[in-house]
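Numbering (the numbering used here), first residue to last: 1 to 245.
Read the structure below first, then the notes.
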């Protein structure tokens with residue numbers, strides 16, 4: 001398992017504005033000092049998790065559902081989160097069409113996850129949210145291998161700080177070829193909870209084959225699954241998670 005741990009310590013910040021940037025990595029994230037042997041090994045294997053605001057993205061892929069895929073992460077108990085996803089080409093590519101994109105194009109998969117709901121009645125869980133109030137969401141994760149994963153992965157650091165508080169810990173792991181973003185409690189036990197959006201991303205050399213039940217949230221001590229854009233496996237295309245010792 002590959003583990004990446006980032007700690008953020010800043011005054012309380014507002015959510016990322018559309019035209020604003022995020023603080024420099026050295027201001028918001030430092031790799032914790034490893035203490036145990038397992039932590040030392042994890043630190044040795046760690047990859048840098050980038051800031052979503054630093055990405056330079058081009059146009060979004062327009063699929064059967066349009067440029068964004070809206071969905072719900074749910075289980076038999078009810079709906080536990082809204083998820084809004086899209087896949088973008090590199091900056092300067094417009095339109096973003098995998099059929100005409102050159103070989104080697106890197107696609108950025110972006111997932112905006114709202115525990116409970118996003119307060120939009122017409123999308124995802126919305127007014128149909130029938131789970132209990134989300135008091136603690138501890139992870140967003142893939143439930144299938146991250147085909148074509150390049151090793152580039154990250155999240156919105158400002159959103160994490162706004163949701164969790166002055167100390168935001170996000171641990172990124174590779175688990176059996178899939179990606180997991182674990183969101184730990186901040187200072188004072190502040191949790192990622194109801195209607196606090198967090199944006200996660202990962203990059204792949206493969207375009208989406210379509211929406212698939214490939215994503216999940218761990219919330220209120222249960223797991224809820226749902227759809228998002230997902231690439232099909234292709235012979236000869238590596239997954240950086242598979243390089244984990």
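Cβ atoms here follow ideal geometry from the backbone N, Cα and C, with glycine treated the same way.
Where residue i sits in the DSSP three-state scheme
i: residue 158; result: helix
i: residue 238; result: coil
i: residue 216; result: strand
i: residue 97; result: coil
i: residue 243; result: helix
i: residue 53; result: helix
i: residue 302; result: In the structure as shown, the chain begins at 1 and stops at 245. Residue 302 is therefore absent and cannot be evaluated.
i: residue 134; result: coil
i: residue 188; result: helix
i: residue 163; result: helix
i: residue 152; result: strand
i: residue 104; result: coil
i: residue 211; result: strand
i: residue 177; result: coil
i: residue 146; result: coil
Euclidean distance between Cα positions of residue i and residue j
i: residue 70; j: residue 76; result: 20 Å
i: residue 110; j: residue 89; result: 11 Å
i: residue 78; j: residue 213; result: 16 Å
i: residue 98; j: residue 107; result: 9 Å
i: residue 221; j: residue 102; result: 44 Å
i: residue 54; j: residue 140; result: 21 Å
i: residue 145; j: residue 182; result: 17 Å
i: residue 196; j: residue 114; result: 6 Å
i: residue 231; j: residue 202; result: 12 Å
i: residue 136; j: residue 219; result: 6 Å
i: residue 49; j: residue 174; result: 13 Å
Residues near residue i in its chain [Cβ-Cβ closer than 8 Å; skip 5 each side]
i: residue 237; result: 147, 148, 205 and 206
i: residue 38; result: With a pLDDT of 46 at residue 38, under the threshold of 50, the modelled position of that residue is not reliable, and the figure given next carries that caveat. Within the same chain, residue 38 has no close Cβ partners at all.
i: residue 234; result: 147, 148 and 206
i: residue 299; result: No information on residue 299 is available, as it lies outside the stretch 1 to 245 that the chain covers here.
The beta strand (DSSP E) enclosing residue i, as first and last residue numbers
i: residue 84; result: 78–90
i: residue 192; result: Looking at the DSSP string, residue 192 is not in any beta strand (DSSP E), and its letter there is neither H nor E.
i: residue 227; result: 222–231
i: residue 69; result: 69–75
i: residue 111; result: 107–115
i: residue 48; result: Premise fails: residue 48 is in no beta strand (DSSP E) and is neither H nor E.
i: residue 65; result: Segment: none, residue 65 is in no beta strand (DSSP E) and carries neither H nor E.
i: residue 198; result: 198–204
Supposed close pair residue i, residue j - CB separation, criterion 8 Å
i: residue 177; j: residue 242; result: 6 Å
Contacting residues, own chain, Cβ-Cβ under 7 Å from residue i (five flanking each side not counted)
i: residue 96; result: 58, 59, 60, 61, 88 and 89
i: residue 209; result: 230, 231 and 232
Proximity test, Cβ basis, 8 Å: residue i and chain D
i: residue 215; result: Going by chain labels, chain D is absent from the structure shown, which holds only one protein chain.
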